[in-house]
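My numbering numbers the first residue of the sequence shown as 155 and each following residue consecutively.
Data block below; observations after.
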Amino acid sequence: MPHYEYRVLPAPEKGLKAKGVKGPKARFAHSVETLMNEMGAEGWEYLRADTLPSEERAGLTSSVTEWRTLLVFRRIRLDHADAFRPKELPAPDEDDAQAATPADANQQEQEPSAKADAEDKDADRMETMLKSRADSLVAMPTDLGGPESDGGTADRDDPSPDDAPRRD
């Protein structure tokens with residue numbers, strides 16, 4: 155049975171301004187959406203929203219009951235001992251183990267060479283793509299942002315008078 159940890163946050167009371175979001179209803183929905191996406195990115199699952207009373211002071215002697223809306227999130231606790239309990243697998247039969255061994259050994263011999271071939275092909279494709287991209291950048295005219303567009307080269311050793319530090 156999974157064990158959960160919970161996190162309770164106050165629901166947003168005011169909408170967030172954002173580009174393309176207009177009106178108070180849309181801004182409020184955007185603020186709730188932003189909060190829920192942030193929590194989801196951290197691994198929290200939205201569970202429910204609760205409205206609960208909260209007694210607060212109003213003045214010196216009186217108190218007022220305010221109703222607060224809370225958002226409840228949960229996620230599975232991984233630090234619980236049950237999460238790390240190993241599962242016992244059934245022992246294989248001797249006949250099955252002997253029959254599977256030669257086929258498994260043959261398959262294991264073929265897998266490394268297939269992986270190496272695939273990696274070599276990927277590396278060759280990547281190298282070809284990078285070379286063609288570099289050639290297209292070098293051949294790009296200077297008015298379109300090519301390497302000579304700033305008026306100088308990257309491997310120049312002599313600093314220009316504009317590059318020298320000023321001493322005032």
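Idealized CB from N, CA, C, for every residue including glycine.
Bear in mind that the values here come from a model prediction, so they are computed numbers and not experimental data.
Whether residue i touches residue j by CB criterion (7 Å)
| i | j | result |
| --- | --- | --- |
| Gly197 | Arg181 | no |
| Thr223 | Ala172 | no |
CA-to-CA distance, residue j to residue i, given in whole angstroms
| i | j | result |
| --- | --- | --- |
| Glu273 | Ala288 | 22 Å |
| Pro240 | Arg228 | 25 Å |
| Ala277 | Lys285 | 12 Å |
| Glu192 | Asp204 | 19 Å |
| Tyr200 | Tyr160 | 10 Å |
| His157 | Asp247 | 36 Å |
| Met155 | Ser208 | 34 Å |
| Ala183 | Ala212 | 30 Å |
| Met283 | Ala270 | 20 Å |
| Thr219 | Val186 | 24 Å |
| Glu167 | Gly174 | 20 Å |
| Met190 | Leu243 | 40 Å |
| Arg231 | Leu225 | 19 Å |
| Ala195 | Leu163 | 16 Å |
| Gly177 | Lys275 | 54 Å |
| Ser267 | Ala245 | 31 Å |
| Leu214 | Arg202 | 36 Å |
| Glu281 | Thr188 | 41 Å |
| Lys179 | Arg279 | 51 Å |
| Trp221 | Leu206 | 6 Å |
| Ser303 | Asp233 | Residue placement at Ser303 is poorly supported in this model, since its pLDDT is 47, which falls under 50; the coordinates still yield a value, given next. Using only the alpha carbons, I get a separation of about 56 Å. |
Enclosing alpha helix (DSSP H) for residue i [first to last residue]
| i | result |
| --- | --- |
| Ala342 | Lying before the first or after the last residue shown, residue 342 is absent from the chain, which here runs from 155 to 322. |
Minimum Cβ-Cβ distance from residue i to chain B less than 7 Å
| i | result |
| --- | --- |
| Glu281 | Of the chains in the structure shown, none is chain B; there is only one protein chain. |
Range covered by the beta strand (DSSP E) that runs through residue i
| i | result |
| --- | --- |
| Ala203 | 199–212 |
| Pro164 | 158–164 |
| Arg228 | 216–230 |
Cβ-Cβ separation, residue j to residue i (assumed contact under 8 Å), whole Å
| i | j | result |
| --- | --- | --- |
| Ser216 | Glu210 | Their Cβ separation, rounded to whole angstroms, is 10 Å, which puts Ser216 and Glu210 out of contact at 8 Å. |
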